[in-house]
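Heads up: the structure comes next, in structure tokens.
Protein chains: 2
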Amino acid sequence: MEPDPERKGEAVRGGRVGIRDVARRAGVAISSVSRVLNGNPNVTPALRQRVLEAVEALGYQVNLVGSDLRRGTTRTVGVVIDDIANPLFAEIMLGAEATLSAAGYLVTLMSSHGTARGDAAALRHFRGRRVDGLLLALSDDTGADWHAALAAGDGGCPVVLLDREAPLPCHSVLSDHAQGMDAALTELVGAGHRRIGLMLGPLCTRPGRARLRAFEAGLRARGLNPDARFVTLHTPATAADAERTMAGVLRRPAADRPSAMIVGGGQLLTGALRALHAAGCRLPEEMSLLVCDDTPLAELHRPGLTALRRDVIGIGRAGAELLLEAMKAPGAEPRSATIPIEIVRRASVGPPAA
Amino acid sequence: MEPDPERKGEAVRGGRVGIRDVARRAGVAISSVSRVLNGNPNVTPALRQRVLEAVEALGYQVNLVGSDLRRGTTRTVGVVIDDIANPLFAEIMLGAEATLSAAGYLVTLMSSHGTARGDAAALRHFRGRRVDGLLLALSDDTGADWHAALAAGDGGCPVVLLDREAPLPCHSVLSDHAQGMDAALTELVGAGHRRIGLMLGPLCTRPGRARLRAFEAGLRARGLNPDARFVTLHTPATAADAERTMAGVLRRPAADRPSAMIVGGGQLLTGALRALHAAGCRLPEEMSLLVCDDTPLAELHRPGLTALRRDVIGIGRAGAELLLEAMKAPGAEPRSATIPIEIVRRASVGPPAA
DNA sequence: TTAGGTTTTGGAAACGTTTCCAAGGCCGCG
DNA sequence: CGCGGCCTTGGAAACGTTTCCAAAACCTAA
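So the protein sequences, as listed, match chains P and S. Just so you know, this note's numbering puts 49 at position 49 of the first sequence, and the rest follows in order with no gaps. Just so you know, this note's numbering puts 1013 at position 13 of the second sequence, and the rest follows in order with no gaps.
Right under this line is the structure:
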């Protein structure tokens, strides 16, 4: 092939064609190419066409890194999720994405796979890359380090917390776990249960803390004592871990174990059911089960599982809306949305066996 | 007014503290700050400390956009997923992330929510931001536009396709759907079924195409005719859509409907089960069910659902390994890994009713 | 003590854009 | 015919880094 002198400039620099190559090829200034590409109206049709031809011919595509640097903005928001395997997360994402992409933002995601280190890495990536906003369901909202980063609002971008809390006020969308747990206890106590167990994820995020607090307060309010043996924490909240816990519970004599179990969200349900099935334990005759998040598994299991439900897409949507506001008016007063929780009665709750 | 010379530089530019502010404060050159921050060994302890103090005092954090631009690399790989709600996706991600982060790469994700436009937007974002590699489970692998983009390897970065195919050879990890579907048919035909239905997602990705092809070929090889009425496509593959389909099937008289159904992956199973439960259809007495991907729902449903299983984490891992290789040796011959599929027998397949 | 070498440091040039500013062309109107 | 104003275009200065290069400082050995 003849080394076309026209292509020389392109070949020089690592084979990557940049805006200057387009400009040279079209015989115009770099700034004109930029104007065409950004839809600036003050451009002659003839010039526009020449530029477009050159773009086409060279297969040019803009380097957004340069563009981001110059503009100082990215039209992108970052989402950090603690547990990508949580069945709810997809819906949160759906809700957020619909709202944000309608507003012209791209949504990118990082998982922090359950560790504070993962949180930090994701935060560093997103902030350092200058996303315009952040939606955070961190693995650990108790760390002093990121509280500091959050406080230094000056170097940062607008942030909305998803069911997480920080020592300082902050945009957030919070599920009403207190209400949910109370409904759960009403249901179980109403059915006659006195010994109620609770399986939770870690306490380093709000759902775990809020559920535990509401559980203990709710029991006491009903004149019952929370039994520490029957409250288990799972860090991280894996199915295998939950299976072990439930298997342990089922090994106890029936009179000395909870007659009802409340299972927290995430993958705990999967593990709990494995143990239940393995032990041949019948629901609700031998044990009542109530799960803290409604999923297809809870709905379609036979018997159907009584569950707490919230508008998960709504969580994502509310988070996105709060974030859009915050990006529009950066200095504004922190606001928070509260998502109600309702109980869905199915067949897994019945009177206690004993 | 006397602007404090010390703070002048910082205040001047939008309140954001940059490397030059650090340099000024520490009384050293910008390049020295950079060296300290990047762990360059040729740096006096004294200088290092002064820089670190300034960093601390100013709360400086590096702007990775500038860094990316200069370096031309990001230590980041992008993942594009067609359907974030697919239960398998989390495990793929897990496998990929473990391998890639061990190699020092950050993993970021975008969903293309089932549309070719989403694919294009995600690709534009990632390539434009100069990720070092791409793991793609696109919504539509049939588009000529992105084939072209793929072919222009010169402007792009290494790419690994996840169960997608392109007209030109390309790194990829492919599930052996032919083998899986064959095992499924063996199972069903072996149980005595002659009228077998198939619910699939869209044909614009490989799993749909491969399953359909294998289904038709497999039936013919067994002397059976695929009945077009019993093969349904779902674009996109939502649970609601699948529920409608299954409800329609169940409205037919028993003699005129499939005695066994094969349900594709994603959210189709959820919808199918809803319809089955609503109709009070007993498995496997009134219908046999076989599902193309093994999930907690398939496992824990009663009766347990016979399913096709593959090492999903392994898919992510294999993709990541291929990508690491490709990033190390960009020009190398495209390679592909094949993931076997096995059948997991549970209780949802039995002899036909009729 | 000086020459030669090795570290350590500073200065400046990139990286690829966007955008400001000024100059040039063109138009219409006086 | 000339002049003011608009539209279009080109040039150059940012944006915040990293890294190359050269100068300075230090050390060792002759």
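Ideal Cβ positions, reconstructed from N, Cα and C, are used throughout, including at glycine.
- prompt: At a Cβ threshold of 9 angstroms, is S:GLY1133 touching chain P?
  reply: No, S:GLY1133 does not count as interfacial toward chain P.
field: Residues from the stretch 1083-1105 of chain S in contact with chain P, defined by Cβ distance under 9 angstroms
entry: ASP1083, ILE1084, ALA1085, ASN1086, PRO1087, PHE1089, ALA1090, GLU1091, MET1093, LEU1094, GLU1097, ALA1098 and SER1101
message: I want to know whether the stretch 160-175 of chain P touches the stretch 189-197 of chain P - three or more CB-CB distances under 8 angstroms.
response: no
task: For P:ASP176, collect the residues of the same chain with a Cβ closer than 6 angstroms to its Cβ; drop the 5 residues on either side in sequence, then sort them by chain order.
output: THR338, PRO340 and ILE341
message: Quick check on P:MET246 - is its C-beta less than 9 angstroms from some C-beta in chain S?
response: no
message: Excluding the 5 residues flanking S:LEU1305 on each side, which residues of the same chain have their C-beta closer than 7 angstroms to its C-beta?
response: Cβ within range, chain order: LEU1289, VAL1291, ALA1298, ARG1346 and SER1348.
- request: Scan the stretch 1288-1313 of chain S for residues whose Cβ lies nearer than 7 angstroms to a Cβ of chain P and list them as they occur along the chain.
  value: Flagged, chain order: PRO1296, LEU1297, LEU1300, HIS1301 and ARG1302.
field: The beta strand (DSSP E) enclosing S:ILE1339, as first and last residue numbers
entry: 1336-1339
With 16 other Cβ atoms within 10 Å as the buried cut-off, status of S:VAL1017: Classification of S:VAL1017: buried, given that the 10 Å Cβ count is 16 or more.
- request: Check the C-beta distance from P:SER259 over to P:ALA353 and give it rounded, since I have them as a contact under 8 angstroms.
  value: 6 angstroms
- prompt: What is the DSSP secondary structure of P:MET287, counted as helix, strand or coil?
  reply: coil
task: Starting from the beta carbon of S:VAL1344, find every residue of chain P whose beta carbon is closer than 8 angstroms, and list them in chain order.
output: None at all; the shortest Cβ gap to chain P is about 14 angstroms.
query: What residue ranges within the stretch 1128-1214 of chain S form continuous alpha helix (DSSP H) runs of no fewer than 4 residues, ordered along the chain?
result: 1144-1151 and 1177-1190
Reduced DSSP category for S:ILE1343 - H, G, I as helix; E, B as strand; rest coil: strand
query: Using a beta-carbon distance cut-off of less than 7 angstroms, what residues from the stretch 62-73 of chain P approach chain S?
result: VAL62, ASN63, LEU64, VAL65, GLY66, ASP68 and LEU69
Beta-carbon gap between S:HIS1301 and S:LEU1268 smaller than 9 angstroms: no
Range of the contiguous beta strand (DSSP E) that encloses P:ARG309: 306-309
message: I need the straight-line Cα distance from S:ARG1335 to P:PHE126, nearest angstrom please.
response: 32 angstroms
task: Could you tell me the distance, in whole angstroms, from the CA atom of P:PRO158 to the CA atom of P:LEU322?
output: Answer to the nearest angstrom: the Cα atoms are 10 angstroms apart.
query: Count the other CB atoms within 10 Å of the CB of S:PRO1087; is the residue buried (16 or more) or exposed (fewer)?
result: buried
message: Please tell me whether S:MET1261 has its Cβ less than 9 angstroms away from any Cβ of chain P.
response: no
task: Identify the contact partners of P:ALA242 in chain S, using a Cβ-Cβ distance below 7 angstroms as the criterion.
output: None at all; the shortest Cβ gap to chain S is about 12 angstroms.
task: Ignore the nearest five residues each way along the sequence and tell me which others in P:GLY95's own chain have a CB closer than 6 angstroms to its CB.
output: ILE313, GLY316 and ARG317
field: Identity of the residues DSSP links to S:SER1111 by a beta bridge
entry: S:ILE1081
task: Output the distance between the C-alpha atoms of S:THR1074 and S:GLY1133, rounded to the nearest integer angstrom.
output: Each residue's CA atom was taken as its position, placing S:THR1074 and S:GLY1133 some 10 angstroms apart.
message: On a Cα-Cα basis, can you pick out the residue from S:LEU1250, S:ARG1252, S:CYS1281 and S:LEU1308 that is closest to S:ILE1262?
response: Check the Cα spacing between S:ILE1262 and each of S:LEU1250, S:ARG1252, S:CYS1281 and S:LEU1308: the tightest is with S:LEU1308.
Best match in S:LEU1100, S:ALA1228, S:ALA1166 and S:ARG1244 for proximity to S:ALA1149 [C-alpha to C-alpha]: S:ALA1166
Simplified DSSP state of S:THR1245, which is helix, strand or coil: In the structure shown, S:THR1245 sits in a helix (DSSP, three-state: H, G or I).
- prompt: Going by C-alpha distance, which of P:ASP241, P:CYS204, P:ALA184 and P:GLY104 is nearest P:GLY350?
  reply: P:ALA184
query: Candidates S:VAL1249, S:PRO1207, S:ARG1251 and S:LEU1064: which alpha carbon is nearest S:ALA1237's?
result: Taking only the C-alpha atoms, the option nearest S:ALA1237 is S:PRO1207.
P:VAL65, DSSP secondary structure in three states: helix
query: By DSSP, does S:THR1076 sit in helix, in strand, or in coil?
result: Reduced to three states, the DSSP call for S:THR1076 is strand.
Contact list for P:SER111 against chain S, beta-carbon separation under 8 angstroms: MET1093, GLU1097, VAL1107 and LEU1109
query: Opposite S:ILE1315 in the DSSP bridges: which residues?
result: Partner(s): none; S:ILE1315 has no beta bridge.
Run of the alpha helix (DSSP H) containing P:ALA272, from where it starts to where it stops: 268-278
field: Contact belief for S:THR1076 with P:THR108 at Cβ below 8 angstroms, rounded distance in angstroms
entry: Not confirmed; about 10 angstroms, so no contact.
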